[in-house]
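Asks: 63 is the number of the first residue of the sequence shown in our numbering; add one for each residue after it.
My questions all concern the structure below.
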Amino acid sequence: MRLFYRVLLVLFVALALCLGLVLYFIANPKLLAYQAPQQLHFLDQWSPADRQAYYYTPQGTQVKGLHYDWFSALELPFFKQSFAAPEYLARFGFLIDPQQQASAANPGNLPVGFTRHQNPGSKVQYLDITCAACHTGELRFKGQALRIDGAPAQHVLPSSVPTLRGGSFGQALVASLAATYYNPWKFERFARKVLGDQYPAQHQQLRKDFKVSLDNFLAVAWNDTHRGLYPTLEGPGRTDAFGRIANASFGDAISPDNYRVANAPVDYPHLWDMWTFDWVQWNGSAKQPMARNIGEALGVGATLNFFDDHGQPLQGDARYPSSVRVQDLHLIEQTLQRLKPPVWPEELFGAIDRPLAAKGRALFTENCAGCHVPAVVEENGRLVKQLKMLPVEV
């Protein structure tokens, strides 16, 4: 009997240590401290109106049913500070303007690509992660920041799978949601922010609705973990976004048989001049622009129901209602056709060393151009680049 209690004590201590370790990394994720630049510079790639349309036009994504006002009211897991504070979200690599104020398009004063939408017939404003969140870049040099629209983002967005490394936006968001739900004092503060004078009448319903969203996040984290879908550590400079989108669109939404391990050594592509390509995606799998855009929206969280409550395929027009905002996706596509490629800003980064650049061109031509400079031929009166699609094994 004494041995039993000793074993039980050892198990309890081991469990407490593991829990304490997890809580430590939740409270202290490995994130760089945010330092505001002395000045944020924008390249002359398009008009300010086009930039704002690109940054905050929704595409219909619903982040596991998370409401916009819920996200804005969240606190850090073990502190009262706002989770949605721009300076905190910037630590994950999301882009903010320190001089920016809340606006009609961005009432929560959130980073680039964080917006909202409302489905027809619904009063709910959903958090909507749009194209600009992953396709806007920024460079820092001597205290100056240079925004490059259409460039790959350098953030830590996707994973909600818990790891000791921490530092993922998805992990931190799930931790904040769980702390809000299970900590009664934190939930009361959250509910009063969201509901205002409707708190007495609606806080119980809010708790039920909030739990549905939290359960969705936890289900995805468990699914990704036990299936081993994302074995490669992702972060700034590497994210197999296409693999994630495919798993969400065909695995989550249709059948587990469609899941595939997503470990391609790629990052988000740049977007300038993409509209001139016949085929896009790193594997050359998408041809029609709106089909590509709708697929991306579905993969990031737009809703489309294939089955009824009994698991049977929907029939007829019942298959088509979706949160995808086709007109807004078309607007984003048209706006991107006006996006100019970035030009080296000599006034900010200094003049190009022309002799050294000439030597670099020769080295690039000799060692790199075979794969990274596609052949150009003329077809039907226009110049066409012949791109090669390399298998992942290469």
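C-beta atoms are modelled at their ideal positions from N, C-alpha and C, and glycine is treated no differently.
Label A167 either buried or exposed according to how many other C-beta atoms from any shown protein chain fall within 10 Å of its C-beta, with 16 as the threshold for buried.
Replies: Label assigned to A167: exposed.
Asks: Take P139 and list the residues in its own chain whose beta-carbon comes closer than 6 Å to its own, dropping the five residues that flank it on each side.
Replies: So the qualifying residues of the chain are I88, A237, S238, A241.
Asks: Could you tell me whether the segment 329-340 touches the segment 286-301, using the rule of 3 or more Cβ pairs below 8 Å?
Replies: Touching, yes, given that three or more Cβ pairs across the two stretches are closer than 8 Å.
Asks: In this structure, does DSSP put G290 in helix, strand or coil?
Replies: In the structure shown, G290 sits in coil (DSSP, three-state: anything other than H, G, I, E or B).
Asks: From R64 to L77, what distance separates their C-alpha atoms?
Replies: C-alpha separation (whole angstroms): 20 Å.
Asks: Give me whichever residues DSSP pairs with T177 in a beta bridge.
Replies: Beta-bridge pairing links T177 to D190.
Asks: Would you report the Cα separation of S144 and G175, rounded to the nearest angstrom?
Replies: In a straight line, the C-alpha of S144 is about 19 Å away from that of G175.
Asks: Using DSSP with H/G/I as helix, E/B as strand and the rest coil, what is Q161?
Replies: Coil at Q161, not helix or strand.
Asks: Which residue wins for smallest C-alpha separation from L18, given the options F74, Q100, R251, Y118?
Replies: Because the chain spans 63 through 456 in this model, residue 18 falls outside it and cannot be assessed.
Asks: What does DSSP give as the partner residue(s) for I414 in the beta ladder?
Replies: Paired residue(s): none; I414 is not in a bridge.
Asks: Write down the C-beta distance between S459 and A146 rounded to the nearest angstrom, noting that I regard them as a contact closer than 8 Å.
Replies: Nothing in the structure corresponds to residue 459, since the chain is present only between 63 and 456.
Asks: Go through the segment 319-372 residue by residue and report every complete run of the alpha helix (DSSP H) that reaches 4 residues or more, in order.
Replies: Entirely contained in the segment 319-372, the alpha helix (DSSP H) runs reaching 4 residues are, in chain order, 351-362.
Asks: Whole angstroms is fine: what's the gap from P407's alpha carbon to K92's?
Replies: When rounded, the distance between both Cα atoms is 32 Å.
Asks: Short of 7 Å in beta carbon distance, which residues of its chain neighbour G297, apart from the five on each side in sequence? Order them along the chain.
Replies: Once the five neighbours on either side are set aside, the close Cβ partners of G297 are V218.
Asks: For C433, count neighbouring C-beta atoms within 10 Å of its own C-beta (all shown protein chains included) and say buried if the count is 16 or more, exposed if not.
Replies: By the neighbour-count rule (16 or more Cβ atoms within 10 Å), C433 is not buried but exposed.
Asks: Measure how close the beta-carbons of Q121 and T192 come, nearest whole angstrom, since I'm counting them as under 8 Å.
Replies: Confirmed, Cβ separation roughly 5 Å.
Asks: Output the boundary residues of the alpha helix (DSSP H) element that contains R209.
Replies: Taken as a continuous stretch (DSSP letters only), R209 belongs to no alpha helix (DSSP H), being part of the beta strand (DSSP E) at 206-211.
Asks: Compare the beta carbon distance of W337 and A348 with 8 Å and say whether it is the shorter of the two.
Replies: No, these two residues do not count as a Cβ contact at 8 Å.
Asks: For D211 and T198, which I take to be in contact (beta-carbon distance under 8 Å), what is that distance rounded to the nearest angstrom?
Replies: Sure, about 6 Å apart at Cβ, within 8 Å.
Asks: Determine, using beta carbons only, whether F368 and I316 come nearer to each other than 8 Å.
Replies: Yes, they are a contact pair.
Asks: Determine the contact status of A310 and G361, defining contact as a CB-CB distance below 8 Å.
Replies: For A310 and G361, yes; Cβs fall inside 8 Å.
Asks: Classify K421 as buried or exposed, calling it buried when 16 or more other Cβ atoms lie within 10 Å of its own Cβ.
Replies: Exposed is the call here.
Asks: For G313, which residues of its own chain have a beta-carbon under 7 Å away from its beta-carbon, when the five flanking residues on both sides are left out?
Replies: Closer than 7 Å at the Cβ level, and outside the excluded window around G313, lie N320, Y321.
Asks: Straight-line CA distance for Q114 to W334?
Replies: Straight-line Cα distance between these residues: approximately 16 Å.
Asks: Are at least three pairs of beta-carbons, each pair with one atom in the segment 97-108 and one in the segment 398-415, less than 8 Å apart?
Replies: With a cut-off of 8 Å, the segment 398-415 and the segment 97-108 count as touching, because enough Cβ pairs lie within range.
Asks: What is the DSSP secondary structure of S385, counted as helix, strand or coil?
Replies: Reduced to three states, the DSSP call for S385 is coil.
Asks: For L102, which beta-bridge partners are listed by DSSP?
Replies: According to DSSP, L102 bridges with A207.
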